[in-house]
Every structure is written in C-alpha cells, then in structure tokens.
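**Student:**
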Amino acid sequence: MMNDLPVRHIFICHITYTMNLINRLMNIQEQGRFTRGAQIFAHQIRMLTRGITNALTVSLTASCMWLIFRILQKINILSLYYYCIECYVQLKLAVGQYFYDISQIGITFYDVKRQEWIYRSAEDFIHKFWYVTKHGTQITSFGSWLAGSAAFEVLGVFALTMPGITIFFWYRGIKTIGSQKLRGMDYVQASELTKILSKEKVASNIKFAGLPIVKDSERQHILITGTTGTGKTNMLNELLPQIRSNNEKAIIVDMTGSYVNKFYDPSNGDIILNPFDSRTSNWLPWNDIVDTEDFDDLASHFSSNNGMGRASFFDRTAELVLAEALKKYAVSRD
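Numbers in our numbering are just positions in the sequence shown, counted from 1, shifted up by 448.
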C-alpha cells in the first residue's frame, strides 16, 4: 500500500511523525527523562574514556621505565659520552671535508681516564673508538638490541601492564561501591535469620512462612500492612491455627465473617459475640462489671474518645449517659 502513495504523502506522514516526536520530547516530564538519559550516557562515555586514558598512561609509563632500566643495563654513561663525541667528530668530517684536508680535522676533548684535555685527529678518534676501545663494541651491541628485541620487551611490558591495571581499576571499583555498616540493623535472608534465632535459642514456635518470631514477643504488637492481594489475610490464616495448637486464646474482630467460617469450632470452646448471629453467646455489659468504676470504664470503650487528647463535650456526655443507664438497669439487667 505504501508503494501506491504519492511521495508527498509519505513525506507529509514522516514530517507529522517527527513533529509528534518533538512535541512529546518537549513535554516537561518527557524532556526531563530525555535530559537525564542523555547526561547519564554522556557521563558514562566520559568516565569510560578517562578510565581507558588512565590505563594507557600507566601502561606507557611502565613501558618507558622498563626501557630506561634496560638501556642502563646495556650501556654505561662513559660509553655514551664517547659516542656523543664520536657523533660530533662525524659531523665535523662531513662538513669540514669541503673546506679542509681530512688530516687537518681534529677534536679536543676531555679524556676521563687521563683526566685531562687532549687533542686527536678525527680519523684517529673514530678508528680507536670503534676498533680499539670497548666503547664501540658496547655501542654496537646496544644498537643491535635496540633494533631487535627492545621493541618486543617494551610491547611485552605494555601487554602485561594493561590488563593488570584494568583488573586493579575493576577491583578498586568493586571495593569503592561496596557497603560498610556504620550502625543499625543487618539485612539477612530469612533462612539465615532462622538459623541465628535457633542458635541463640530465642526462636518462637509461632512462625510466618517458616520464619519464627522472637521468643516471648508473641503478645507484643505486630503490624501487618499492605495493599490488596499482598497476603495479609494469608498471614492471619497461618497464625490462627498456631495459636490454637498452643492452647492459647485470641480475640478476633471479624468484619466479613471469613474467619468465623474457616476457624469457628464450638467443640474447642470458641465463642461468637454477634447479635446478628444465631450462634452468639448471651453476653450482657454487666457481665464485665464488678466495681462501680467499671461502669465508667466500660462506657468509655463505646465512645470515640481515645484518651490521647482532650475529650469533646459530646464524647464525654455520651459516656456519662451510658454509664448512668448501665447503673440504673444493673439490678434488672433489662
């Protein structure tokens, strides 16, 4: 179908798509994501380039140091000194032969062995340097090494240093981003925590998903929170049978009746307090009243006043009315 479209239509569609993409990029949120992504990418490229540069610098420095070390092994300073003089004599001969007779060209230099300045003809100096003294032999040997195996030695040092420094940088990177505990709790896996609690003999027989809680903390507050479908009901479904197996008591506020349908067993002494359930036990407020102070205490439980702040007039008045009503009908309980 695209082949049948005129070129201008295809061009217009392409322009429209490009404009929509630009408009989306201009959106503040999308622009922020694009900017962050571009900056992170550019920063990673810069850091990678810097790391490669550092590795190359270290490797080249090591290669140069090895080359200097080997040069000092192959040649001494005295031979290098006389070789420099020999090069100067060769230069004088190359230039002076056009102006003077070769026998007239000479050089005055400081003889280290005699410790004095001496004069010698250019041809005589060159002959003795290469064929009489050991300096010429050493320079020849050094030149052969420099033209032969020196390059392989330098490349070998570079080839060994480059991966070595790369591994070192990689290890330093791992060590730098590693975690170090300063304070607070330790994060461990559930299986490891179970072993720790069992080893310290503080593991309770109450467990959630196989993980025991701390012994003697069963009656302390436990908050189970989460959105729909995260497993809050399943945790309680796992907890209630364990309470029953330990012959312990539990008060359950069942808003939907699901726990009653699943766990209610009158043969185990379970009691339902629900005026809309025919299985409910006959309970009256006066069953929990022993002293006069219990009237006010019981009435306060039916009020929205939580005792944490100053009670409103209506909350306090409702408590007084209920407490007096319970006192009035305490005898007849009607």
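Just so you know, even glycine gets a beta-carbon here, dropped at the ideal spot from N, CA and C.
(1) Just to confirm the assignment, what range does the beta strand (DSSP E) spanning Tyr546 have?
(2) Can you find at least 3 beta carbon pairs, one from the segment 481 to 491 and one from the segment 578 to 591, that sit closer than 8 Å?
(3) Taking the alpha-carbon positions, what's the Glu648 to Glu640 distance?
(4) To the nearest angstrom, how far is it from the Cα of Asp718 to the Cα of Phe711?
(5) Do you know how far the Cα of Arg620 is from the Cα of Leu508?
(6) Going by DSSP, name the residue or residues bridged to Phe557.
(7) Taking the beta carbon of Leu770 as the centre, do at least 16 other beta carbons fall within 10 Å, making it buried, or is it exposed?
(8) What span of residues does the alpha helix (DSSP H) with Val769 cover, start to end?
(9) Please classify Ala698: does DSSP put it in a helix, a strand, or coil?
(10) Tell me, which residues are paired with Leu659 by DSSP?
(11) Residues in its own chain within less than 6 Å of Ile519 by CB, not counting five upstream and five downstream?
(12) What number of angstroms, rounded off, separates the C-alpha of Tyr540 from the C-alpha of Trp514?
(13) Quick one: Cα of Leu671 to Cα of Met683, how far?
(14) Are the CB atoms of Thr642 and Ala503 within a distance shorter than 7 Å?
(15) Just to confirm before moving on: does the CB-CB distance between Ile555 and Val537 stay below 7 Å?
(16) Can you grab the Cα-Cα spacing for the pair Thr505 / Phe600, in whole Å?
(17) Leaving out five residues before and five after His457 in sequence, what residues of the same chain have Cβ atoms less than 8 Å from its Cβ?
(18) State yes or no: is the C-beta of Phe606 within less than 7 Å of the C-beta of Ser511?
(19) Quick check on Leu774: buried or exposed, where buried means 16 or more other Cβ atoms within 10 Å of its Cβ?
(20) Per the DSSP calculation, Ala490 is bridged to which residue(s)?
(21) Measure the C-alpha to C-alpha separation of Ala638 and Gln668 and round it to an integer number of angstroms.
(22) Between Gly544 and Ile533, how many whole angstroms is the CB-CB distance? I'm expecting something under 8 Å.
(23) By a C-beta neighbour count over all protein chains shown, 10 Å radius and 16 as the cutoff for buried, is Ile699 buried or exposed?
(24) Have a look at Gly705, Lys680, Ser652, Ser748 and flag the residue whose alpha-carbon is nearest the alpha-carbon of Asp664.
(25) If you draw a straight line from the alpha carbon of Leu645 to that of Ala657, how long is it in whole angstroms?
(26) Less than 7 Å between C-beta atoms, sequence neighbours within five positions excluded: which residues of the same chain meet that for Arg727?
(27) Candidates Met495, Leu526, Lys680: which alpha carbon is nearest Gln563's?
(28) Across which residues does DSSP place Ala599 in a beta bridge pair?
**Tutor:** Reading it off the structure:
(1) No residue range can be given for Tyr546, since it is assigned to no beta strand (DSSP E) and is classified by DSSP as neither H nor E.
(2) Not touching, per the Cβ criterion.
(3) Taking the straight line from one Cα to the other gives about 12 Å.
(4) The straight-line gap from Cα to Cα measures roughly 9 Å.
(5) Their Cα atoms are separated by approximately 21 Å.
(6) DSSP output for Phe557 lists Ile566 as bridge partner(s).
(7) It is buried - the Cβ of Leu770 has at least 16 other Cβ atoms within 10 Å.
(8) For Val769, the enclosing alpha helix (DSSP H) covers residues 761 to 776.
(9) If DSSP states are grouped into helix, strand and coil, Ala698 belongs with coil.
(10) DSSP, once it has assigned bridges, lists Phe656 as partnering Leu659.
(11) Annotation for Ile519: no residue places its beta carbon closer than 6 Å to its own, counting only its chain and skipping 5 residues before and after.
(12) It should be noted that the sequence gives Lys, not Tyr, for residue 540. Their Cα atoms are separated by approximately 35 Å.
(13) Near 11 Å, if we compare the C-alpha coordinates of Met683 and Leu671.
(14) The Cβ atoms of Ala503 and Thr642 lie no closer than 7 Å to each other.
(15) For Ile555 and Val537, yes; Cβs fall inside 7 Å.
(16) Inter-residue distance for Thr505 and Phe600 is about 19 Å (C-alpha atoms, whole angstroms).
(17) Because His457 carries a pLDDT of 45, less than 50, the predicted location of this residue cannot be relied on, and the following value inherits that uncertainty. Counting only Cβ-Cβ distances below 8 Å, and skipping sequence neighbours, we find nothing.
(18) A distance below 7 Å separates the beta carbons of Phe606 and Ser511.
(19) So Leu774 counts as buried.
(20) Residue pairing for Ala490: DSSP places it in no beta bridge.
(21) For the pair Ala638 and Gln668, the Cα-to-Cα distance works out to about 21 Å.
(22) So it is not a contact: roughly 15 Å between Cβ atoms.
(23) Ile699 sits exposed, since fewer than 16 C-beta atoms from the chains shown fall within 10 Å of its C-beta.
(24) Nearest neighbour of Asp664 by Cα position, chosen from Gly705, Lys680, Ser652, Ser748, turns out to be Ser652.
(25) Across the structure, Leu645 and Ala657 are spaced so that their CA atoms are roughly 15 Å apart.
(26) So the qualifying residues of the chain are Ile720.
(27) Taking each of Met495, Leu526, Lys680 in turn and checking the Cα distance to Gln563, the smallest one comes out for Leu526.
(28) Answer is none; Ala599 lacks a bridge partner.
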